[in-house]
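Trainee: Following this message is one structure expressed as structure tokens.
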Amino acid sequence: MADSQQQTEETVTGSCLCKAIKYKATGQPVFTTICHCYNCRKSGGGPMAGSSIYPRAQVDIISGQDQIKVYNDAATDSGTSFDRQFCQNCGCQMFGSTKLAEQILAVYVGSLDPEYVNKWTPMNEQYCQTKAEFIPKLVEAGRGGRFVRSMMGPQAE
Numbered sequence: 010m011a012d013s014q015q016q017t018e019e020t021v022t023g024s025c026l027c028k029a030i031k032y033k034a035t036g037q038p039v040f041t042t043i044c045h046c047y048n049c050r051k052s053g054g055g056p057m058a059g060s061s062i063y064p065r066a067q068v069d070i071i072s073g074q075d076q077i078k079v080y081n082d083a084a085t086d087s088g089t090s091f092d093r094q095f096c097q098n099c100g101c102q103m104f105g106s107t108k109l110a111e112q113i114l115a116v117y118v119g120s121l122d123p124e125y126v127n128k129w130t131p132m133n134e135q136y137c138q139t140k141a142e143f144i145p146k147l148v149e150a151g152r153g154g155r156f157v158r159s160m161m162g163p164q165a166e
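For what it's worth, our numbering labels the leading residue of the sequence shown as 10, then goes sequentially.
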């Protein structure tokens, strides 16, 4: 790889709370999102879940592959289960994937190392109809702007 390519290629790192699982994601994510669906809220223990969606080949699990446990979430709107991957030791939610798009992997923002958290920004917001009322509307730009709101799940572009 040429030096100029290395300088423009972004890499982020992250881990679970106990640091048993560590990863790096290289390059830009396909998109970043905030999800307000009940399943993301319940599994993450918060009012929403933020994630970066990467081509699976761009995410390298550096250590702890054997510590990843998978919860097969079958209660989805699509009817296709969503595999929620978390650390079996500390319970930290790390990744998500579905058979509908096996080539991509969701990397949860809560697992990012601290130096990357404040650089993360969502490109869209989904399941706004179940959004907690105390969370303000982030941006009302619509499809013409940089931020897309969806009342249901992800929308095809």
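Where is the CB? At the ideal position from N, CA and C, for every residue including glycine.
If we call anything under 8 Å between Cβ atoms a contact, is I77 one with K33?
Mentor: Numbered from 1 along the sequence shown, position 68 holds the residue referred to as residue 77. Numbered from 1 along the sequence shown, position 24 holds the residue referred to as residue 33. No; because the gap between Cβ atoms is not below 8 Å, this pair is not in contact.
Trainee: So, for Q112: in the same chain, excluding its five sequence neighbours on each side, which residues have a beta-carbon less than 7 Å away from its beta-carbon?
Mentor: For the purposes of this step, residue 112 is identified with residue 103 of the sequence shown, where counting begins at 1. These residues qualify, in order along the chain: P64 and R65.
Trainee: Are the CB atoms of C44 and C101 nearer to each other than 8 Å?
Mentor: Taking the first residue of the sequence shown as 1, we reach residue 44 at position 35. Taking the first residue of the sequence shown as 1, we reach residue 101 at position 92. Against a cut-off of 8 Å, the Cβ pair of C101 and C44 comes out as no contact.
Trainee: Would you verify that the beta carbon of S120 is, or is not, closer than 8 Å to some beta carbon of chain D?
Mentor: No chain D is part of this structure, which consists of one protein chain only.
Trainee: According to DSSP, is P123 part of a helix, a strand, or is it coil?
Mentor: Against the sequence shown, residue 123 aligns to sequence position 114. Helix.
Trainee: Could you check how far apart the C-beta atoms of G59 and P131 are, in whole angstroms? I think they sit under 8 Å.
Mentor: Taking the sequence shown and counting its residues from 1, the one referred to as residue 59 is at position 50. Taking the sequence shown and counting its residues from 1, the one referred to as residue 131 is at position 122. Correct: roughly 6 Å between the Cβ atoms.
Trainee: Could you check which residue in F143, Q97, V68 and R50 has the C-alpha nearest to that of V21?
Mentor: Position 12 of the sequence shown, counted from the start, is the residue given in the question as residue 21. Of the listed residues, the one whose Cα sits closest to V21 is V68.
Trainee: Quick check on the burial criterion: 16 or more other C-beta atoms within 10 angstroms. Buried or exposed for Q94?
Mentor: One-based indexing of the sequence shown puts residue 94 at position 85. When all chains shown are included, Q94 counts as buried.
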